[in-house]
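Our numbering puts the first residue of the sequence shown at 199, with every later residue one more than the last.
What follows is a single structure, written as structure tokens, with notes after it.
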Amino acid sequence: MTIHIGASPGEIAETVLLPGDPYRAKWAAETFLENVKLVNEVRGMLGFTGTWRGNPVTIQGSGMGMPSLSIYVNELIKDYGAQTLIRIGSCGGMQERVDVRDVIIAMTASTISTPSRGIFRELNYAPCADWELLRAAVSAAEAKGTKTHVGGIYSADVFYDERPDLNDQMVRHGILGVEMEAAELYTLAARFGRRALAVLTVSDHLLTGASLPSDQRERSFGDMVEIALGAAFDTKG
Ligand code: HPA
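Structure (structure tokens):
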């Protein structure tokens, strides 16, 4: 047990999928894993451990935003020995060619600030994904035939943004989508020598105003979960 995770030692797998939403953790575990067991419900931030094709997997909610994710990822790495951490979540599309329902695999995550900002001081650290995981995720996405984009994303600190000029600069510099967690996940994984990746579903679009209808969410989120599991175990889906 840690301050925020009630699982016993050994109840968390080395491979952890991290949706922001704890109910999405429940849905993904019940839909894709076998032998599922609830391992955390502290603060309602549900976590489940089961198996996928015989491989142990934990799916643990991270909450929204980097400060929340930082708490769970620190404890998963330092106290439970998590080795491979893959964020599965939604993002806002930022390029015309990126459509709602597409999947984005985040090579890098630009940010104004992360909870780790203080240790870098004047340095602009460049959070990036684990190459092997990224490559395996692209293979899994290609095998599934999912429309996928690979490139930079923006990890914002705020959902209700008062600085539209920042989004404009991100769009101008080719950033594919905006979410709120990946930059800190990548930074923590690098610090502790673990593997990290973010696989995201485009749920809304900043340029077109389009959004994923609720009846299509499950199917699109399912593709993302299968790509993440395929990447973790380097299968082709
Ligand atoms: N901003 C930040 N995070 C998000 C968005 C967004 O527009 N859409 C989904 N996650």
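Ideal Cβ placement from N, Cα and C applies to all residues, glycine included.
Answer yes or no: the CB of residue i versus the heavy atoms of ligand 1, is any distance below 7 Å?
| i | result |
| --- | --- |
| V376 | yes |
| A396 | no |
| C289 | yes |
| D277 | no |
| L404 | yes |
| A354 | yes |
| F357 | yes |
| S401 | yes |
Out of the options, point me to the one whose CA is closest to residue i's CA.
| i | options | result |
| --- | --- | --- |
| S401 | V240, I302 and S206 | I302 |
| Y221 | H403, G242, E209 and D413 | G242 |
| L405 | V298, P207, P265 and A280 | V298 |
| E209 | K224, G218, I201 and V234 | V234 |
| E212 | R392, E416, R415 and M422 | R392 |
| Y358 | G290, Q281, E330 and G428 | G290 |
| C326 | K276, N272, R361 and V397 | V397 |
| L332 | A226, L427 and M368 | L427 |
| A341 | T200, M262, M368 and T433 | T433 |
| V214 | D366, N365 and N272 | N272 |
| L383 | W250, A324, E294 and Q367 | A324 |
| T309 | K345, F318, I351 and R361 | I351 |
| H403 | M262, E294 and E416 | E294 |
| R389 | I317, E330 and D413 | I317 |
Given a cut-off of 8 Å, decide if residue j and residue i are closer than it, judged by their beta-carbon atoms.
| i | j | result |
| --- | --- | --- |
| A320 | S353 | One point to set straight first is that residue 320 is Glu, not Ala, in the sequence displayed. No. |
| N253 | F419 | no |
| A387 | L283 | yes |
| A205 | Y278 | yes |
| S311 | D355 | yes |
| P259 | G248 | Note that residue 259 is Gly in the sequence shown, not Pro. The answer is no: Cβ separation not under 8 Å. |
| I257 | A223 | yes |
| E374 | V296 | Here residue 374 is Leu; the residue named in the question, Glu, does not match the sequence. Against a cut-off of 8 Å, the Cβ pair of V296 and L374 comes out as a contact. |
| A280 | A429 | no |
| G287 | G218 | yes |
| L328 | L395 | For the record, residue 328 in the displayed sequence is Asp; it is not Leu. Result yes, Cβ atoms of D328 and L395 sit closer than 8 Å. |
| A381 | M264 | yes |
| I189 | V240 | The displayed coordinates of the chain run from 199 to 435. Any statement about residue 189 would go beyond what the structure contains. |
| M456 | V348 | The question about residue 456 has no answer, for the chain in this structure spans 199 to 435. |
| L267 | E379 | yes |
| S314 | T399 | no |
| L216 | R285 | yes |
| A338 | I201 | no |
Can you name the residues that DSSP bridges to residue i?
| i | result |
| --- | --- |
| L215 | I257 and I284 |
| S409 | D402 |
Problem set entry | Start-end ranges of the beta strand (DSSP E) lying completely within the stretch 343-396, minimum 3 residues | Listed in chain order, they are 346-353 and 375-377.
For this session: Can you check the stretch 221-272 for any beta strand (DSSP E) of at least 3 residues that lies completely inside it and give the ranges in chain order?
Result: 232-238, 245-250 and 253-258
Exercise. Which runs of the beta strand (DSSP E) fall wholly inside the stretch 280-333 and span at least 3 residues, in chain order?
Worked result: 282-291 and 301-308
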